[in-house]
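Engineer:
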Amino acid sequence: MKSSRSFFTVWVTVPRRPLAVKLSRLAVESGLAACAQICGPVESIYRWQGVVESEKEWRVVFKTRSQQLPQLEALVIAHHPYDTPQFVVLPIVAGSEKYLDWLGECTTTPPKPTTRRRSKTN
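Per the working numbering, the sequence shown starts with residue 15, numbered consecutively.
1. By alpha-carbon positions, which one of Leu-114, Cys-120, Gly-45 ends up nearest to Ser-17?
2. Tell me whether Val-26 is buried or exposed, calling it buried when 16 or more other Cβ atoms sit within 10 Å of its Cβ.
3. In three-state terms, what does DSSP make of Ser-80?
4. Can you name, in chain order, every residue of its own chain whose Cβ lies under 7 Å from the Cβ of Glu-71, other than the five neighbours on each side?
5. Would you kindly work out how many angstroms separate the C-alpha atoms of Glu-67 and Lys-112, rounded to a whole number?
6. So for Val-90, helix, strand or coil by DSSP?
7. Identify which residue in Ala-41, Ala-88, Ile-106 has its Cα closest to the Cα of Met-15.
8. Decide if Arg-31 is buried, meaning its Cβ has at least 16 other Cβ atoms within 10 Å, or exposed.
9. Quick check on the burial criterion: 16 or more other C-beta atoms within 10 angstroms. Buried or exposed for Gln-51?
10. Quickly, what does DSSP pair Ser-110 with across the bridge? List them, please.
11. Could you say which of Trp-62, Lys-36, Ala-47 lies nearest to Tyr-96 if we only look at CA atoms?
12. Compute the beta-carbon to beta-carbon distance between Val-35 and Phe-76, rounded to the nearest angstrom, for a pair I have assumed lies under 8 Å.
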């Protein structure tokens, strides 16, 4: 296990699955995230402009590094239909050394081309 202070997960919710896929692909292809996981639909109950609302949404969890956070947030805001999109950053406190090394390699700008597939452990 390796300690980490520079890697984060970012939680974003969107109203439609195609938008979740679009944001995920843009972030990974541009090197702003090593991967993105799409979950959903999830039921969100929230207060907006004084009214309690309920909507089905899709959650995207991005894995990234601290240097990419401002650009990732700008990407989300540029493509998001909400006035106030969720963009919540949570630290990755520790993880396997191999996984964190991979995360670091994938979140450099510009992204490095890969020649081998990584095992399916996101």
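By construction, the Cβ of each residue, glycine as well, lies at the ideal position given by its N, Cα and C atoms.
Structural biologist: A quick look at the data gives this:
1. Leu-114
2. buried
3. helix
4. Closer than 7 Å at Cβ, skipping near neighbours: Thr-27, Val-28, Pro-29, Gly-54, Pro-55, Val-56, Ser-58.
5. 42 Å
6. helix
7. Ile-106
8. Looking at its Cβ environment, which holds fewer than 16 other Cβ atoms inside 10 Å, Arg-31 is exposed.
9. Label assigned to Gln-51: exposed.
10. For Ser-110, which the question treats as bridged, DSSP gives no partner whatsoever.
11. Trp-62
12. The pair is not a contact, with the Cβ atoms about 13 Å apart (cut-off 8 Å).
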